[in-house]
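Chemist: I have a structure I would like to understand better, so I am pasting it below and will then ask my questions one at a time.
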Amino acid sequence: MKKRAARTVFIVSFLAPAVLIYGLFVAYPVLQSLVLACYRWRGVSAQRKFVGLENFKKLAQDDVFWRAMSNNLWLLVAAAIVMTVLAVGLAHAMQTSGRVARVLRSVYLFPQVISLVVVAILWMFLYNPSFGLIAGLLKVVGLGAWARPWLGDPQWALPAVGIVFLWHGLGFFTMLYSAGLQSIPAEVTEAAGLDGAVGFQRFWRITWPLLWSVKRISAVYIVINVMNVFALVYLMTQGGPDRRTEVMLTYLYEQAFQNSQFGYATALAVANFALAMLLSLGLMFAFRRNPEDAK
Amino acid sequence: MKIKATLLGSTIGLAMLLSGMACGPSGDKSGSADALKPGNTKVGDSKAVAATAPQAPTGTSLKGDLEVQAFQGGYGIDFYQTAGKELQVKNPSLKMKVEGNPRIWEQLRPRLVGGTPPDLMLPGWGMDHWALVAEGQVLALDDAINSPAYDGKTPWKDTFEPSMLALGQQDGHQYVLPFYFSMMGWWFDPNVFAKNGWTVPKTYDDLLTLGEKIKAKGMAPITFQGKYPYYMIDGMLLPWLVSIGGPDALKAAQNLEPGAWKSAAMVQSAKMIDDLNKKGFFEKGAVALSHTESQQEFLQGKAAMIPCGTWLYSEMKNVMPPTAKMEYMRPPVVKDGKGDALTVQIGIEPWMVPKDAKNPDGAVAFYKYMTSLPKAKQFVEAKGTLTAIKGSSETKLPESLVVPAKMFKESKAIWAVQYRQWYPAFDKEIQNALTSMLNGELTPEAFCDRVEVAAEKTRKDDSIPKHKVAG
């Protein structure tokens, strides 16, 4: 009995700081925002008015909110597919010992360590319709007519932002998959080789299923990253042209800090949070069992 | 455990955002229980607030602690700091603290919520100051403006340009005070115009003729700050509305009168922009340019004209090519329009005394000193912008300000865009609709219809406090 109590004290004393910090800086604000979402509050004085679910009702009828959410989801799907394909490809290319692999290994994390603000400014230069590198390159190869004001074009703005998002995030996911590939036991691949599995077949039958835990983590990370997209869009397009690149958090920012609708903005934050949770939980569920264990 | 760990990850990212906003309500400990009861405080009833304003400072004493917080923009805060030091020398019992920051509103917001604001503030463009007024966070300065100015003789209000003072009023009360102001207009490079034998277009028809000539030289007639469409709204849409329909057309629009945003004058004004767009008068791709990018295009001679305010020179002087020059011009007017061709569009930056200021009387006294004629003249000379103090432009003006000052003097009436501060969400919709029209997705009529719908939505939303153009 005494031993158990000592054990409990030991565990509690180690857990307490983390739980306390988590509670104070994560759980408490989250709970408080749930409360705040039920108020009309301008955020410039202590006056606020309880309005129940009014903010959520307004949200449900807000076209801009739905557009922002669909832009988030568009980015999510596009990023999930393209990011995974590119990251797996790059990770594969880095496994060899050739020159290309060595160069790749030394540069693939560069975009990840650049500040998002710098990334945005860098790409704004690239996309600039007047002196941008992309417009310039198109001109050089005789495709000048293809040039667009990328970030101001209704069709191109969102893909243009998406490309920057991919460019910035790719390194991290490549790292994940690279680690995943290295954790596949050599005897498994060797055995597969002896059995005659080569090339794409070996990847599809052996490597891809064995990357299960990496896939799970990377899927959840993509959801979190996409749901948290803010700085890139805010800096590059301000959600424009005409809401074509609006995402939930830029709209949240607009409602809170430009329109002084803090209650409404918090309702938006709650919706964003709920969606991110839902998607994450859905993915966890989908990837809940290691297919190799099931066999 | 793994599941928990990942969930934790997803929570942290969002919680960080939420916690940034949650700092606000935790500030409402102090005696605001009443305000929390639904229906007890009628949010937005500024009349009630004005009537119960506790103090009515007139700026008679300069003593004690006095804190000034000001937006640190292109004009800096050194001028206010110097003024503070000067006053402190004259009043030894005064302890001035003058500070500023380029994003001052972010620091002021929690202080306002918590009830510990500075005594005087210039909260900058990021602060919704009419929301502050609506929440009763700003002192009415009616007694102050009727009291003597710094010289001890003239009533303070008579030292301001009356039309600019009016921009800070609501329901007959003076809430915010102007200091410096900007003029919105267009800019051109006089050297480029002279070299090509072009003359500044006075009317829209002149512009159409000149535009073709400019295009023939391989230059874009006009570039614009496409990423921030309000430059074009203020530089074309509304000036042309005023030119066609007169000041009443603008007043009706700003007051959100039914149909005002799709009046014949508004549709014609939108059509004029659309025509310029279709004629290829705008620099290609400008819709994607930020303000600095487009202004750079203008300075590099890729476009002949650009709509912008009188801050353009101070904003761009460090990156100006040595050969470039810039001169201010009025936006071309519409021949036979109802509007006065000499009218001028201005914008003010509002100063105010928070309700919870500890030393409101000192704040007013300090501001009276800053707005005294000699100080205002110093400001004009040092900072290169005009001020709302009568006679302050009678001094040595920087080159970029000579023409605007002359045009300001010639004008009989001024106007200002006020709805942007009153209804930011509505304004955003106008900007978006304009971008959509420029991208060829909306006709001028559809543009006006969309804006009118937004105006109606704003009008009918009783959670938004309504404003009227004074006078």
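Each protein sequence line maps, in turn, to chains E and U.
Residue numbers for the first sequence follow the numbering used here, beginning at 1106 and rising by one.
Residue numbers for the second sequence follow the numbering used here, beginning at -1 and rising by one.
The beta-carbon is built from N, C-alpha and C at its ideal position, and this holds for glycine as well.
Spell out whether any CB of chain E is found under 7 Å from the CB atom of U/LEU110.
Modeler: For U/LEU110, the answer is yes, since a Cβ of chain E falls inside 7 Å of its Cβ.
Chemist: U/LEU165 and U/GLN172 look like a contact to me (Cβ under 8 Å); what is the Cβ gap, rounded to whole Å?
Modeler: Contact between U/LEU165 and U/GLN172 does not hold, since their C-beta atoms are separated by about 10 Å, which reaches or exceeds 8 Å.
Chemist: Going along chain U, which residues have a C-beta under 8 Å from E/TYR1347?
Modeler: First, the amino acid is wrong: residue 1347 of chain E is Asp here, not Tyr. Those are ASN430, ALA431, THR433, SER434, ASN437, GLU439, listed as they occur along chain U.
Chemist: Please report the Cβ distance between U/LEU384 and U/PHE179, rounded to the nearest whole angstrom; I am assuming they are in contact, meaning their Cβ atoms lie under 8 Å.
Modeler: 6 Å
Chemist: Between the stretch 1247 to 1261 of chain E and the stretch 423 to 443 of chain U, do at least 3 Cβ pairs fall closer than 8 Å?
Modeler: yes
Chemist: On the criterion of 16 or more Cβ atoms from any shown chain inside 10 Å, does U/GLU397 qualify as buried, or is it exposed?
Modeler: exposed
Chemist: Where does E/LEU1238 land, buried or exposed, given buried means 16+ other C-beta within 10 angstroms?
Modeler: exposed
Chemist: Would you say U/LEU130 reaches chain C, if we count a Cβ-Cβ gap shorter than 7 Å as a contact?
Modeler: In the structure shown, chain C cannot be found, because the protein chains are E and U.
Chemist: Would you say E/ARG1394 faces chain U, with C-beta separation under 7 Å as the test?
Modeler: no
Chemist: Quick check: the Cα distance between U/LYS200 and U/ASP425, rounded to an integer number of angstroms?
Modeler: 28 Å
Chemist: Any residues in the stretch 281 to 312 of chain U with a beta carbon nearer than 8 Å to a beta carbon of chain E? Which ones, in chain order?
Modeler: GLU281, LYS282, GLY283, ALA284, VAL285, ALA286, LEU287, SER288, GLU291, GLU295, LYS300
Chemist: Using DSSP bridges, identify the partner residues of U/TRP185.
Modeler: Beta-bridge pairing links U/TRP185 to U/ILE304, U/TYR326.
Chemist: With distances taken from CA atoms, which of U/MET234, U/ASN430, U/PHE177 is nearest U/LYS373?
Modeler: U/PHE177
Chemist: Quick check on E/ASN1160: buried or exposed, where buried means 16 or more other Cβ atoms within 10 Å of its Cβ?
Modeler: buried
Chemist: Tell me the rounded alpha-carbon separation between E/LEU1214 and E/VAL1208.
Modeler: 11 Å
Chemist: Can you give me the C-alpha to C-alpha distance between U/PHE364 and U/LYS93, rounded to a whole angstrom?
Modeler: Computed Cα separation, rounded: 12 Å.
Chemist: Under 7 Å, Cβ to Cβ, is there at least one residue of chain U near E/ARG1147?
Modeler: Taking a beta-carbon distance threshold of 7 Å, E/ARG1147 counts as an interface residue toward chain U.
Chemist: If we cut at 7 Å on Cβ distances, does U/PRO115 have a partner in chain E?
Modeler: no
Chemist: Within 8 Å, do at least three Cβ pairs link the stretch 113 to 131 of chain U to the stretch 1348 to 1367 of chain E?
Modeler: yes
Chemist: E/LEU1403: which of E/ASN1377, E/LEU1386, E/PRO1234, E/PHE1390 sits nearest, CA to CA?
Modeler: This structure gives no information on residue 1403 of chain E, because the portion of chain E shown stretches from 1106 to 1400.
Chemist: Looking at chain E, which residues of the stretch 219 to 230 of chain U have a Cβ within less than 7 Å of any of its Cβ atoms?
Modeler: GLY224, LYS225
Chemist: For E/GLN1260, does the three-state DSSP call read helix, strand or coil?
Modeler: coil
Chemist: If you draw a straight line from the alpha carbon of E/VAL1187 to that of U/ALA302, how long is it in whole angstroms?
Modeler: The C-alpha of E/VAL1187 lies about 43 Å from the C-alpha of U/ALA302.
Chemist: Whose C-alpha, out of U/ARG101, U/ILE212, U/LYS260, is nearest the C-alpha of U/GLY479?
Modeler: In the structure as shown, chain U begins at -1 and stops at 469. Residue 479 of chain U is therefore absent and cannot be evaluated.
Chemist: So which of E/TRP1146, E/VAL1193, E/ARG1145 has the shortest CA-CA distance to E/GLN1287?
Modeler: E/VAL1193 is the residue among E/TRP1146, E/VAL1193, E/ARG1145 whose C-alpha sits nearest the C-alpha of E/GLN1287.
Chemist: In whole angstroms, what is the alpha-carbon distance linking U/MET405 and U/VAL332?
Modeler: 18 Å
Chemist: If we call anything under 7 Å between Cβ atoms a contact, is U/GLY345 one with U/ALA286?
Modeler: no
Chemist: Inspect the beta-carbon positions of U/ALA431 and U/GLN167 and report whether they are closer than 7 Å.
Modeler: no
Chemist: Consider the Cβ of U/ALA33: report whether some Cβ of chain E lies at a distance smaller than 7 Å.
Modeler: In this predicted model, U/ALA33 has a pLDDT of only 35, less than 50, meaning its place in the structure is not dependable enough to derive any value.
Chemist: Measuring only between beta-carbons, confirm whether E/ALA1111 sits less than 7 Å from chain U.
Modeler: no
Chemist: Hey, would you say U/ILE242 sits closer than 7 Å to U/GLN266, going by beta carbons?
Modeler: Contact flag set, yes.
Chemist: Are the CB atoms of E/ARG1348 and E/ARG1172 nearer to each other than 7 Å?
Modeler: yes
Chemist: Taking DSSP's pairing of strands, which residues face U/SER180 in a bridge?
Modeler: U/GLY345
Chemist: What separation, rounded to the nearest whole angstrom, lies between the Cα atoms of E/VAL1143 and U/ASP460?
Modeler: Here the sequence assigns Cys to residue 1143 of chain E, which means Val is not the residue at that position. About 17 Å.
Chemist: Taking its Cβ as the centre, do 16 or more other Cβ atoms sit within 10 Å of U/PRO319, making it buried, or is it exposed?
Modeler: Its Cβ having fewer than 16 others within 10 Å, U/PRO319 is exposed.
Chemist: Which residue wins for smallest C-alpha separation from U/ASP447, given the options U/PHE191, U/SER261, U/LYS375, U/ASP141?
Modeler: U/SER261
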